[in-house]
Amino acid sequence: MVSNVISPLHETADRTYQTALSQFDRAAHYLVLTDGLMEYLKWPKRELTVNFPARLDDGTVQIFTGFRVHHNTVLGPSKGGMRYSPHVNLDEIRALAMWMTWKCALVNLPYGGAKGGVIIEPKAHSKQEMEAVTRRFTSEILLFIGPQIDIPAPDMGTNAQTMAWMMDTYSMTLGYSVPAIVTGKPLNIGGSLGREEATGRGVIVCMLEALRQHGITRNPKDISVVIQGFGNVGANAAKRAHDLGFKVVAVSDVTGGYYNPKGLNIPEMVSFEAKSPQKSLETYRGSGVERITNQELLTLPCDVLIPAALEGQLTGDNADRVQAALIVEGANGPTTPEADDIFRERGITVVPDILANAGGVTVSYFEWVQGLQEFFWDEDEVYRRLERILVRAYDEVSHVMEDHNVDMRTAAQITAINRVAEATLTRGFYP
Ligand code: NAD
Numbered sequence: 008m009v010s011n012v013i014s015p016l017h018e019t020a021d022r023t024y025q026t027a028l029s030q031f032d033r034a035a036h037y038l039v040l041t042d043g044l045m046e047y048l049k050w051p052k053r054e055l056t057v058n059f060p061a062r063l064d065d066g067t068v069q070i071f072t073g074f075r076v077h078h079n080t081v082l083g084p085s086k087g088g089m090r091y092s093p094h095v096n097l098d099e100i101r102a103l104a105m106w107m108t109w110k111c112a113l114v115n116l117p118y119g120g121a122k123g124g125v126i127i128e129p130k131a132h133s134k135q136e137m138e139a140v141t142r143r144f145t146s147e148i149l150l151f152i153g154p155q156i157d158i159p160a161p162d163m164g165t166n167a168q169t170m171a172w173m174m175d176t177y178s179m180t181l182g183y184s185v186p187a188i189v190t191g192k193p194l195n196i197g198g199s200l201g202r203e204e205a206t207g208r209g210v211i212v213c214m215l216e217a218l219r220q221h222g223i224t225r226n227p228k229d230i231s232v233v234i235q236g237f238g239n240v241g242a243n244a245a246k247r248a249h250d251l252g253f254k255v256v257a258v259s260d261v262t263g264g265y266y267n268p269k270g271l272n273i274p275e276m277v278s279f280e281a282k283s284p285q286k287s288l289e290t291y292r293g294s295g296v297e298r299i300t301n302q303e304l305l306t307l308p309c310d311v312l313i314p315a316a317l318e319g320q321l322t323g324d325n326a327d328r329v330q331a332a333l334i335v336e337g338a339n340g341p342t343t344p345e346a347d348d349i350f351r352e353r354g355i356t357v358v359p360d361i362l363a364n365a366g367g368v369t370v371s372y373f374e375w376v377q378g379l380q381e382f383f384w385d386e387d388e389v390y391r392r393l394e395r396i397l398v399r400a401y402d403e404v405s406h407v408m409e410d411h412n413v414d415m416r417t418a419a420q421i422t423a424i425n426r427v428a429e430a431t432l433t434r435g436f437y438p
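The numbering used here puts the first residue of the sequence shown at 8, with every later residue one more than the last.
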């Protein structure tokens, strides 16, 4: 029975989903799991596709397609971001939902993994149109989400405002306010201090651990950092690295890269981007700053490379030209399995996404807890708890690496899959 379904999952998967499935297979090799349990952990639990109308500003109606996937709910309600992008597809959402399962398990959060998205170019729509799309999408998936069922959060192309519209639509339907339905909300409706910065900050916590473990203890001003992506994750990682005195030599967004080997003025770039009408760095002209492509950025000489934009960036085609000593994954799935192999051979450490960018979901968890308790913490408390959780997870992964003599990604996946597998066996298979 079970073996009949093994190959179709792999054979038909798109590239991102192939990456997630291959990573799972690599880790599962080190775990003593039955075939049945392995298949159960691999497959998404539920998937919902919705096609829905939204009225545009000119009065016409456009049909949009959205998805929500619950990968696994053994450890608790599912949790994961909502992505708005023209490239969203069901396989990508399946991969991202699966990574959420492992990420939550790795940092010991009482959540399963989910992800969702809408096929849309947010920059091509007005604020009113985005609100109409978000409210109708929320309404279409209403039965699929809930504070004890599945809790959305921001991801690429969505933000705190998107979460506010989702929360309001859900609350209006139920007739009372339900702040714990989403995380990543604005502060004035129950968001958590530190949530906006959490993913980028967590990336830098992991970078500091990795530098320490690799004996790279030079003055931060002599340690160069390159960051792909200047959105929530990339810009906040750049700000934190800059604040700690590191030399951020290059950053990029969808319009290309910006490079100054002497170090960029990150606060100036952050405020430039925020004020620019297109919310991009496109017209930024800082002194000594050279324009480069996103591909050139990935292979610049540097100590640390932080891919923080999108998946599939470090591949078999460019991994042998990467010059960084350490890669800390801000984005989900930026490295393909072929690139992982090359990095391992070349002795380049990759701090994997499910650990390095887990700061976001960790503070989302804090936000959910605060919302359920209606009791809010100060920023220091949030950051202190965040750091403790990430450092502990980093240590656990390091021990598993040593025990199994594997790379860090495989060690992180072994740790996480094992946790979900054990919980599954403890709960047993219903009925
Ligand atoms: P975002 O939409 O805020 O920013 C994305 C950034 O990537 C933008 O600067 C955009 O211009 C840039 N970009 C888009 N296409 C690009 C391309 N082809 N080349 C280079 N840059 C490009 O998104 P985000 O929330 O920062 O998410 C970035 C990544 O981090 C995604 O993989 C996401 O799944 C992951 N992530 C986000 C969070 C979170 O809390 N936001 C948490 C964990 C993981």
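For each residue, glycine too, the CB sits at the ideal point set by N, CA and C.
Looking at the unbroken beta strand (DSSP E) that takes in residue i, where does it start and where does it end?
| i | result |
| --- | --- |
| Ile299 | Glu297 to Ile299 |
| Met89 | Ser85 to Ser92 |
| Val125 | Gly119 to Ile126 |
| Val57 | Arg53 to Arg62 |
Are the CB atoms of residue i and residue j nearer to each other than 8 Å?
| i | j | result |
| --- | --- | --- |
| Val398 | Glu216 | yes |
| Ala428 | Leu48 | yes |
| Arg416 | Val357 | yes |
| Glu425 | Leu38 | It is Asn, not Glu, that sits at residue 425 in the sequence shown. Closer than 8 Å, so yes. |
| Met173 | Thr141 | yes |
| Leu63 | Glu136 | yes |
| Gly209 | Gly366 | yes |
| Leu423 | Trp109 | The question names Leu, but residue 423 is Ala in the sequence shown. Closer than 8 Å, so yes. |
| His221 | Leu333 | yes |
| Ala257 | Gly264 | yes |
| Asp310 | Ile223 | yes |
| Gln155 | Pro60 | no |
| Glu318 | Pro341 | yes |
| Arg75 | Ala121 | yes |
| Glu204 | Asn267 | no |
| Ala446 | Gln235 | Here the chain comprises residues numbered 8 to 438, so residue 446 is not present and cannot be evaluated. |
| Val125 | Phe144 | yes |
| Ser259 | Leu304 | yes |
| Trp375 | Ile158 | yes |
| Asn239 | Pro161 | yes |
| Ile299 | Val329 | no |
| Lys246 | Gly207 | yes |
Just checking residue i against ligand 1 - is the residue's beta carbon closer than 7 Å to any of the ligand's heavy atoms?
| i | result |
| --- | --- |
| Thr322 | no |
| Val427 | no |
| Glu275 | no |
| Asp21 | no |
| Val189 | no |
| Val261 | yes |
| Glu99 | no |
| Asn301 | yes |
| Thr237 | A quick correction: the sequence has Phe, not Thr, at residue 237. Indeed, a heavy atom of ligand 1 lies less than 7 Å from the Cβ. |
| Leu48 | no |
| Ser287 | yes |
| Gly124 | no |
| Gly164 | yes |
| Gly222 | no |
| Ala338 | yes |
List the DSSP bridge partners of residue i.
| i | result |
| --- | --- |
| Gly264 | Ser259 and Ile299 |
| Gln235 | Ser259 and Pro314 |
| Ile158 | Lys86 |
| Thr290 | The partner list for Thr290 (beta bridge, DSSP) is empty, contrary to what the question assumes. |
| Thr356 | Leu333 |
| Lys254 | Ser231 |
| Gly191 | Bridge partners of Gly191: none, in fact. |
| Thr342 | Leu321 |
| Gly153 | Asp157 |
Name the two residues that bound the continuous alpha helix (DSSP H) containing residue i.
| i | result |
| --- | --- |
| Glu204 | Arg202 to Gln220 |
| Thr306 | Taken as a continuous stretch (DSSP letters only), Thr306 belongs to no alpha helix (DSSP H), as it is neither H nor E. |
| Gly7 | Because the chain in this structure spans residues 8 to 438, residue 7 falls outside the shown range and cannot be described. |
| Thr422 | Met415 to Arg434 |
| Leu113 | Leu97 to Leu113 |
| Asp175 | Ala167 to Leu181 |
| Leu44 | Asp42 to Lys49 |
| Trp375 | Gly366 to Gln380 |
| Met137 | Lys134 to Glu147 |
| Tyr390 | Glu386 to His411 |
| Val277 | Ile273 to Lys282 |
| Asp327 | Premise fails: Asp327 is in no alpha helix (DSSP H) and is neither H nor E. |
| Asp32 | Arg22 to Ala35 |
State the CB to CB distance for the pair residue i and residue j, rounded to an integer number of angstroms; the pair is presumed to be in contact (CB under 8 Å).
| i | j | result |
| --- | --- | --- |
| Met107 | His78 | 7 Å |
| Gly378 | Gly197 | 5 Å |
| Val57 | Ile148 | 6 Å |
| Leu271 | Gly293 | 7 Å |
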